[in-house]
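**Student:** Dropping a structure here in structure tokens format, bear with me for questions.
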Amino acid sequence: MPSYLSQLWKKLKQKITRQGQSRNSAKAAFEAMDAAQIAAAARAYLKRASTIWTLDNPSEDWTPFQDDEYQVEFARRFLGTVPVSDVLVPTTNPESRLPFEILSKIFELAARAHNNLPAVVVMVSKYWRSVALAHNPLWSYLWLDYRSPKEKYLLWKERLGNIDTPRSITIVAVARGQVLTEDWRYIEKELISLERAYKIRSFHFDGDMQTFRWCELKLNLNTFEDISLHMNKWDRFDISHSHYGCGVPPWPRSASAEAQPPKAISLRNVALDFTLLDFSQLTILELFDTENFSFPLPRDLMPALQTTTRLETLVIELTGYYAVEFSYEEYEIIRLAHLRHLLMKGEWRQLDFLAKLELPSLESLSTDASPRRSLGILRHTAPPLRRLCFSCTFLDPKLLDRIALYPSIISIHLFLSSLSVPSSEAAFIAAFQTRRAADPAFLPLLEHFETHNMSRSECLFPLPSIGPFKLRSTWGSESPREPLAKLNMLISSIVMQRDTAPPACNLSPLVNEDWKEEVKSRFKPRKRSLY
């Protein structure tokens, strides 16, 4: 296949953020939005021929008054520098162009991971624009934010035409109070009529409390196969807790006879009502940032898991101020034959929960429970583990005996949080080096073995490469807890093979450019079969 791709990054930036460039219409403004993210997405898709990872979330300090250049620069800083030979390049040679049939399918598949892709590919080159405009199904993917939502919707509707194809809708980072404007009142009516006339394949939301409640009240959010509702955490403290014990009632609010069984559910700071949904077709269940009042109760979670015969990804994360002490002893063991990725975070009985699961296909495990006990529980089913991420306070050299039970492991990440870590880490590394030297067949597929210290020590232990993989130790220095916690989020996303980065994870203050390139090379996305 010809090398179709060179200088897109530079060309996009020149097109979008050129000094003194005038914008003739709002159309150009929203078509240029998130160009950097889409460029990375398309590059990853063409390179891997699978679903892609993109930066879907705005920065922590993002406001609607920042210009396009800031957005592009933020994405560039997050993604790091990309070799010129590695980026997408529109070519002027007609013989080197991908055929319309192939390129249009690439665009459509890439748009599933980032709904704003159509707005960017039309800005890259004349050929890409002609392909995008001629392929009507590409415009079934709609991304709406604070920039001229009515104008953008009408343009997308015109380009899509009247073809009967499922729609995918993303609403992200709408400014506070904007849903009361005339544009969004129009969008509200259009989305309601759209839901009645066509099937909506997916609905993604990422924004504040006010916009979330608007979406929940105006749209029937329990009728979509792929639903992602990520609400900003800091907005929760500005609202009343009188009715539900929390600012947001559980989702969904009601059951619908026409609702399709969901295939993917991803919630952040939103409680899930397990009693109103059919989980028989579910492949992805992600519950991020649950509080004490929204953490899934065992009496709801365990029966639901018994019906999830197709589940591939499970995330349960508790970020509340207090630990929860729910017991799982009364429940039978549940076999999740297809579960490949499991993430458990927070102060809850993770080991008791893990002991009630039979996971013969597990490949990725991220948890802050005891590494030794976690691997000991899993050894009875001997899953083909490939990626591990543990948060712990002490490194016991005996952990190597448990790790050795899984020769398929390719990467290990250990986050250490104890002030006494230096001694335990040194002993662990010495034991690993000794074992590796004595037995070259120990973990033969291992590529990355990293430890990250979350204490306030300023010590630095650069370790040399050992064998075919890299063994690294990272220590925090200036205010390390918060940035390394974000790094933990990012590494967990890599381990879980997620196609979207966690919010507000800017790597620039954490690691150097070489390390960022290494992290990016490990972002191998999962293959999803939602559509």
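So in the working numbering, spot 433 of the sequence shown is number 429, and the numbers just go up one at a time.
The C-beta atom is built at its ideal place from N, Cα and C for all residues, glycine as well.
Quantities reported herein were computed from a predicted structural model and do not represent experimental measurements.
With a threshold of 16 other CB atoms inside 10 Å of the CB of GLY157, please say whether the residue is buried or exposed.
**Tutor:** Counting Cβ neighbours within 10 Å, GLY157 comes out exposed, since fewer than 16 surround it.
**Student:** Let me check understanding here. Comparing Cα to Cα, which of ILE183, ASP179, ASP160, LEU129 lies closest to ILE196?
**Tutor:** Measuring from the Cα of ILE196, the nearest candidate turns out to be ASP160.
**Student:** Nearest to ARG306 by CA position, among ASN288, LEU281, ILE312, LEU297, is which residue?
**Tutor:** Among ASN288, LEU281, ILE312, LEU297, the Cα nearest to that of ARG306 belongs to LEU281.
**Student:** Residues bridged to GLU354 by DSSP?
**Tutor:** Note: GLU354 sits in a beta bridge opposite ARG331.
**Student:** By the three-class DSSP mapping on this structure, what secondary structure does HIS409 have?
**Tutor:** It is a strand residue.
**Student:** To the nearest angstrom, how far is the alpha carbon of ASN218 from that of THR207?
**Tutor:** Answer to the nearest angstrom: the Cα atoms are 17 Å apart.
**Student:** Which residue spans inside the stretch 289 to 335 form an unbroken alpha helix (DSSP H) run of at least 4?
**Tutor:** Fully enclosed alpha helix (DSSP H) runs of 4 or longer: 294 to 302.
**Student:** Given this structure, state the Cα-to-Cα distance separating ILE102 from VAL320, to the nearest angstrom.
**Tutor:** Their Cα atoms are separated by approximately 45 Å.
**Student:** Does the Cβ of ALA546 have 16 or more other Cβ atoms within 10 Å, making it buried, or fewer, making it exposed?
**Tutor:** Since the first residue shown for the chain is -3 and the last is 527, residue 546 is missing from the structure and cannot be characterised.
**Student:** Nearest to PHE562 by CA position, among LYS394, GLU186, LEU441, GLU254, is which residue?
**Tutor:** One cannot answer for residue 562 here, as it falls past the ends of the chain, which runs -3 to 527.
**Student:** What first and last residue would you give for the alpha helix (DSSP H) that runs through SER189?
**Tutor:** It spans 178 to 193 - the alpha helix (DSSP H) in which SER189 sits, taken as one unbroken run.
**Student:** Check this for me: beta carbons of ILE373 and LEU401, under 8 Å apart or not?
**Tutor:** No, the Cβ-Cβ distance between ILE373 and LEU401 is not below 8 Å.
**Student:** What whole-angstrom Cβ distance do ARG336 and GLU313 have, given they're in contact under 8 Å?
**Tutor:** No, ARG336 and GLU313 are not in contact; Cβ-Cβ is about 18 Å, not under 8 Å.
**Student:** What are the start and end residues of the alpha helix (DSSP H) that includes ALA437?
**Tutor:** Taken as a continuous stretch (DSSP letters only), ALA437 belongs to no alpha helix (DSSP H), as it is neither H nor E.
**Student:** By a C-beta neighbour count over all protein chains shown, 10 Å radius and 16 as the cutoff for buried, is TYR149 buried or exposed?
**Tutor:** Burial call: buried.
**Student:** So, is ASP141 buried or exposed, given that buried needs 16 or more other C-beta atoms within 10 angstroms?
**Tutor:** Burial call: buried.
**Student:** Only counting the same chain, and skipping five residues up and downstream in sequence, which positions put a Cβ closer than 7 Å to that of SER475?
**Tutor:** Bear in mind that a pLDDT of 39 at SER475, under 50, signals an unreliable position, so the number given afterwards is only what the model happens to contain. For SER475, where only same-chain residues beyond five positions count, there are no Cβ hits under 7 Å.
**Student:** In terms of alpha-carbon separation, which member of PHE445, LEU371, SER189 lies closest to PRO380?
**Tutor:** Among PHE445, LEU371, SER189, the Cα nearest to that of PRO380 belongs to LEU371.
**Student:** Does DSSP classify ALA260 as helix, strand or coil?
**Tutor:** Correct three-state label for ALA260: strand.
**Student:** How many Å lie between LEU213 and ASP285 at the Cα?
**Tutor:** When rounded, the distance between both Cα atoms is 23 Å.
**Student:** Less than 8 Å between the CB atoms is what I'm expecting for LEU129 and ARG163, so what's the real figure, rounded?
**Tutor:** Between ARG163 and LEU129 the Cβ distance is about 18 Å, and since that is not below 8 Å, they are no contact.
**Student:** Rounded to whole angstroms, what's the CA-CA distance from VAL266 to ARG93? Just pull it up for me.
**Tutor:** Rounded to the nearest angstrom, the two C-alpha atoms are 45 Å apart.
**Student:** Go ahead and pull the three-state DSSP assignment for LYS341.
**Tutor:** Strand at LYS341.
**Student:** For ARG375, which residues of its own chain have a beta-carbon under 8 Å away from its beta-carbon, when the five flanking residues on both sides are left out?
**Tutor:** Closer than 8 Å at Cβ, skipping near neighbours: ARG398, LEU401.
**Student:** With a Cβ-Cβ cutoff of 8 Å, do PHE411 and ASN484 count as a contact?
**Tutor:** Cβ distance < 8 Å, so PHE411 and ASN484 count as in contact.
**Student:** If you check the beta carbons only, do THR304 and LEU283 fall under 8 Å apart?
**Tutor:** Not a contact, by the Cβ cut-off of 8 Å.
**Student:** Going straight from the alpha carbon of SER189 to that of HIS110, what length do you get?
**Tutor:** The straight-line gap from Cα to Cα measures roughly 24 Å.
**Student:** Using the DSSP secondary-structure output, state which residues sit across from SER276 in a beta bridge.
**Tutor:** Answer is none; SER276 lacks a bridge partner.
**Student:** May I ask which residues mark the beginning and end of the beta strand (DSSP E) holding GLY157?
**Tutor:** Counting along the chain, GLY157 falls outside any beta strand (DSSP E), and DSSP gives it neither H nor E.
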